[in-house]
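J.: Numbering (the working numbering), first residue to last: 2 to 393.
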Amino acid sequence: MADLHDEPHTLPEVGELDDEAQTVPFSPYAPLTAEEAAEAAQAVQAAQAVQAAQEPESTPLERARALLAAHPVADGYSGLPSALRHLPCYDLQLGESAVDTDVPRLRRGNVGALLWSLHLPEGLVADRAVGATLEQLDLVRAVIAAHPEGLRLARSAGQVIDARNCGRVAIVLGPAAAAALDDSLGILRVLHSLGLRVLTLAGTSWAGDAGLTRFGEEVLREMNRLGVLADLSGASDLTVGRVLTLSRTPVLCTRSAAAALRPHPANLSDELLAGLGEAKGLCLVPLTAEQTGPGLRDVADHLDHVRAIAGPACVGLSGLYDSGAAHPQGLADASGYPHLIAELLRRGWPETDITLLTWGNVQRVLRTADFTARAAQDRREPSTARIAELDR
Numbered sequence: 002m003a004d005l006h007d008e009p010h011t012l013p014e015v016g017e018l019d020d021e022a023q024t025v026p027f028s029p030y031a032p033l034t035a036e037e038a039a040e041a042a043q044a045v046q047a048a049q050a051v052q053a054a055q056e057p058e059s060t061p062l063e064r065a066r067a068l069l070a071a072h073p074v075a076d077g078y079s080g081l082p083s084a085l086r087h088l089p090c091y092d093l094q095l096g097e098s099a100v101d102t103d104v105p106r107l108r109r110g111n112v113g114a115l116l117w118s119l120h121l122p123e124g125l126v127a128d129r130a131v132g133a134t135l136e137q138l139d140l141v142r143a144v145i146a147a148h149p150e151g152l153r154l155a156r157s158a159g160q161v162i163d164a165r166n167c168g169r170v171a172i173v174l175g176p177a178a179a180a181a182l183d184d185s186l187g188i189l190r191v192l193h194s195l196g197l198r199v200l201t202l203a204g205t206s207w208a209g210d211a212g213l214t215r216f217g218e219e220v221l222r223e224m225n226r227l228g229v230l231a232d233l234s235g236a237s238d239l240t241v242g243r244v245l246t247l248s249r250t251p252v253l254c255t256r257s258a259a260a261a262l263r264p265h266p267a268n269l270s271d272e273l274l275a276g277l278g279e280a281k282g283l284c285l286v287p288l289t290a291e292q293t294g295p296g297l298r299d300v301a302d303h304l305d306h307v308r309a310i311a312g313p314a315c316v317g318l319s320g321l322y323d324s325g326a327a328h329p330q331g332l333a334d335a336s337g338y339p340h341l342i343a344e345l346l347r348r349g350w351p352e353t354d355i356t357l358l359t360w361g362n363v364q365r366v367l368r369t370a371d372f373t374a375r376a377a378q379d380r381r382e383p384s385t386a387r388i389a390e391l392d393r
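(1) If we call anything under 8 Å between Cβ atoms a contact, is L245 one with G282?
(2) As an exercise, report each continuous beta strand (DSSP E) stretch of at least 3 residues that is fully enclosed by the stretch 281-319, in chain order.
(3) Taking the alpha-carbon positions, what's the A326 to E291 distance?
(4) What's the gap between the Cα of P149 and the Cα of D323?
(5) Would DSSP call E56 helix, strand or coil?
(6) Use the C-beta contact count for F216: other C-beta atoms within 10 angstroms, 16 or more gives buried, fewer gives exposed.
(7) Between which two residues does the alpha helix (DSSP H) harbouring V252 extend?
(8) Out of A231, S237, L262, which one is the CA nearest neighbour of L247?
(9) Would you be able to state if there are at least three C-beta pairs under 8 Å between the stretch 105-112 and the stretch 60-74?
(10) Select from V300, A275, L285, D299 the residue whose C-alpha is nearest the C-alpha of I310.
(11) Just to confirm, are A155 and A171 a CB contact at a threshold of 8 Å?
(12) Whose CA, out of R169, D305, E223, L202, lies closest to the CA of V191?
(13) Between Q330 and D101, what straight-line distance do the alpha-carbon atoms span, to the nearest angstrom?
(14) Among residues of its own chain, excluding the 5 on either side of A203, which ones have a beta-carbon nearer than 6 Å to its beta-carbon?
(15) Can you tell me where the beta strand (DSSP E) with V199 in it begins and where it stops?
(16) Let me confirm a value: H306 is counted as buried when at least 16 other C-beta atoms fall within 10 Å, else exposed. Which label applies?
(17) Indicate the three-state DSSP secondary structure (helix, strand or coil) for A22 in the structure shown.
(18) Applying the criterion that 16 or more other CB atoms from any shown protein chain within 10 Å of the CB defines a buried residue, is P264 buried or exposed?
(19) Can you check the stretch 66-108 for any alpha helix (DSSP H) of at least 4 residues that lies completely inside it and give the ranges in chain order?
(20) Indicate whether G196 and L174 have their beta-carbon atoms separated by less than 8 Å.
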């Protein structure tokens, strides 16, 4: 302990401390000069470049999965409700081999939203079509209620986003056949109150080969007021043209590819595709061998063509799974979407166009319909028009 007192330390004078500090050549806490900061930044960039060169480049499939994780597929047509009617029991949450669609495959395919078709078997008369559509709606609600961990009903664009943020697949109801209205605007309002968002116009007396009748125009105005989207797949050219002119909201073609590549009654000519693009509508290309071809690349060819003619804001996807259609090789069920997106990346599609294709375009159309409906309801009362009065 005595050593501690042998040479007691004395504090330096202020001037001495300043002199000593001036002799210190470098302090790690001293600010860098502009030249030193530039040299340091260059060194960091060089190190990052070396590290990037050493890491293997992501494959198109890896890039596709990463894109879909942020911008999942909004599938424009699923026939699952009709397929489930024929099954005595099923479990979509754990997996169901009897259908093309279940929650595990939707997860693997990065599907974030589905339009569930309420289409009916052909040949139903009007009064039976109404009842059958209501039965379909009842089934859909029961299926969603039985699978709360995987599925959620969505009535608006905002609810689609909410479902996705909660890790659920958003279910949008429609398209339904226009025959389900039984030529009644009151029934249209009832179906909308139950969640209907898309109505197929083809196959009625007021939206036939001659185009829209006066009552057909009134139906379209009421659809705009409610926020029900018009599906023009299978409609005549005159009906398509008139709807594009009259509708205040974008329209859908839920099952239409390019007729220039593969003739089919539901596929669209380049003229109609161009008109759809000008009207900011949406062509949802189906993944079926009959309409697009036998392979995944054939589907990609149709997507290329629609994007080139109508624009990247006018193209989307429709799986048509569980509709009874045969599907292209590589796209047998709902899990195959990443492989299709990988093919588009190989073809040089910008990531911005792919995010529109998978998610953005469907969201835009739903959001626009919601906004237009709110504005129209402030200006227009529910229509009480009858077909007997307008189409004499």
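Built from N, CA and C at the ideal position, the CB exists for glycine as well.
T.: Looking at the coordinates:
(1) yes
(2) 283-287, 316-319
(3) 8 Å
(4) 21 Å
(5) Reliability fails at E56, whose pLDDT of 43 lies under 50, so the model's placement of it is uncertain and no value is given.
(6) buried
(7) From DSSP, V252 is part of no alpha helix (DSSP H); its letter is neither H nor E.
(8) A231
(9) yes
(10) A275
(11) yes
(12) E223
(13) 14 Å
(14) G235, A236
(15) 199-201
(16) buried
(17) At A22, the pLDDT of 40 sits below 50, so the modelled position is not reliable; the number obtained from the coordinates is stated separately. Helix, per DSSP.
(18) exposed
(19) 81-85
(20) yes
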